[in-house]
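Here is the structure we will look at, set down as structure tokens.
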Amino acid sequence: MDDALREKAFRSLEETFANRFRRYAPGESELDADVPIASVLPQSAEEVELLTELAARHSLPLAARGASTALYSGAARGVVDVRFDLMRGMRLPESGEDWVEVEPGITWMVLEDTLRATGKSPTVYPTSAPRATVGGWLAENGLGVGSFEYGWLLENVLSVEVVLAGGARTTVRSVDLRRLVGSRGNVGFIVGARLATRAADKDVPVAAAFRTAEDLAGAVLDLYWARAPLWHAALLNPRMARARNLEEDYVLFGAYPGERATRVGPDLRKALESHGGRFMSQRDAGRIWEERFFPVSPLGPTPAPGRALVSAPGLAPTLRRLEKNLPGVALQGTIARDGEIWLLAFETVRQGEGLLDLNAAADDELLRVASESWRYRWR
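In the numbering used here, the protein residues as written are 231 to 609.
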């Protein structure tokens, strides 16, 4: 776009959005590599429609911008960032049905906290919930808290309202959601979603410690095969346990609805006893649960992890190889109902157990080793 056309487009945006539109001077952008030329903050779905109409009229490229917690942040060079910070509304059904309607700018932690006050929670939400927005995770898709019972985010979305290029707004449901959830913003701008919820007022946290990766992996497989009625299941390797001030080796933790105690108990006990596991105290389990988002917090910098999907039968050799090849790696994993494990990997500080971004070479090794986990067969 030449300077004259860009200036005309910017003036139209300034007239429409006033101080909610901002031009960036060269070198002013908050991003180093992918530099937007401006940013705009719509505050309603109607304004997003108007914005996309203006952009189409002036051939101005737009890109959604989330909280930058995902692999894809939405940033791009030479575009106008569309930020949804002012679109944080939510609506609960009056009838007590299991859904909530939300706008894209609300964070998952705010949503979870608000629902928790009513005895509910989303069926799944990301482990980056303190920072991740609803719109951002919908664009990415993924596994998170609750995936042991409910699977991928896509499986828990009832409908999505989206503004397409040119300004048309539509509601997407059912199988068509596969085109949108996980599309990384390529289909359109998400301006609202209806998400499944669950009763959460009687959740019980649970945690267990294991001496070896083989013991931990064996327990994970036993819980999977038993279809244990846990809501959430996750794991930590020793480096991650130390970073969280746990004097344990490998840790398996999660939560289940209190009314399932008589069903969950035997499966947990069998899985632990068969693999040398030890139940941790309810106090310790509660503390681990309260820190389930570690190291992500609402404020301050968050280290960028490596990410990889691992097959449950290949979990033990994957952990062993990563800990051998990357001696300082801290790992945490989210266990899904289909036997997939979403690993997050961080570097640890040599002098202590603080966490750092995973470097590029380590990330390549993580992906290589994780890909080999799929060679292990289910028994």
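We put the beta carbon where it would ideally sit given N, CA and C, even for glycine.
In this model, valine 310 and threonine 282 are separated by some 11 Å (Cα to Cα). Runs of beta strand (DSSP E) with 3 or more residues, each lying fully within the region 346 to 426, are found at 350 to 352, 387 to 394 and 399 to 403, listed in chain order. Per DSSP, reduced to three states, the secondary structure at alanine 592 is helical. Relative to the Cα of leucine 498, the nearest Cα in the group Leu466, Pro468 and Leu453 belongs to Leu453. Checking the DSSP bridge columns, you'll see proline 487 partnered with Asp433. Around the beta carbon of asparagine 371, 16 or more other beta carbons lie within 10 angstroms, which makes this residue buried. Nearest in C-alpha terms to leucine 585, of all of Ser601, Val559 and Leu596, is Val559. Here lysine 554 is exposed. Its C-beta has fewer than 16 other C-beta atoms within 10 Å. Residue Ala429 holds the alpha-carbon nearest to the alpha-carbon of tryptophan 461 among Gly335, Arg472 and Ala429. Short of 6 Å from the beta carbon of proline 360, and not among the five residues preceding or following it, lie these beta carbons of its own chain, in chain order: Met339, Phe523, Val526, Ser527 and Pro528. Distance check between alanine 464 and each of Glu595, Thr344, Ala600 and Leu561 places Leu561 closest, using alpha-carbon atoms only.
Residue range 443 to 455 is occupied by the alpha helix (DSSP H) that includes valine 450. In the DSSP assignment, isoleucine 565 falls outside any alpha helix (DSSP H) and within the unbroken beta strand (DSSP E) covering 559 to 565. Contact annotation: serine 413 and threonine 401 have beta-carbon atoms that are not nearer than 7 Å. Taking all protein chains in view, the Cβ of leucine 552 is crowded by 16 or more other Cβ atoms within 10 Å, so the residue is classified as buried. Just so you know, the alpha carbons of arginine 490 and tyrosine 380 end up roughly 16 Å apart. Judged by beta-carbon spacing, glutamate 245 lies beyond the 7 Å limit of arginine 399, meaning their Cβ atoms are not closer than that value. Put simply, the region 585 to 594 touches the region 534 to 548. At least three CB pairs are less than 8 Å apart.
Distance between lysine 500 and threonine 532, taken at the CA atoms: about 37 Å. With fewer than 16 other beta carbons inside 10 angstroms of its own, lysine 432 counts as exposed.
Note that the region 322 to 338 touches the region 416 to 424; at least 3 beta-carbon pairs, one per stretch, sit closer than 8 Å.
Following the DSSP letters along the chain, one finds serine 242 in no beta strand (DSSP E) but inside the alpha helix (DSSP H) bounded by residues 233 to 247. If you look at arginine 318, you'll find it isn't in any beta strand (DSSP E); DSSP assigns it neither H nor E.
Distances from the CA of arginine 408 to each of Trp382, Arg441 and Thr427 were compared; the closest alpha carbon is that of Trp382.
Isoleucine 518 carries a helical assignment under DSSP once its states are collapsed to helix, strand and coil. In the structure shown, valine 526 falls within a coil segment according to DSSP collapsed to helix, strand and coil.
For the set Thr357, Leu271, Gly484 and Leu290, the Cα lying nearest the Cα of leucine 574 is the one of Thr357. Annotation: proline 496 to proline 323 spans about 36 Å, alpha carbon to alpha carbon.
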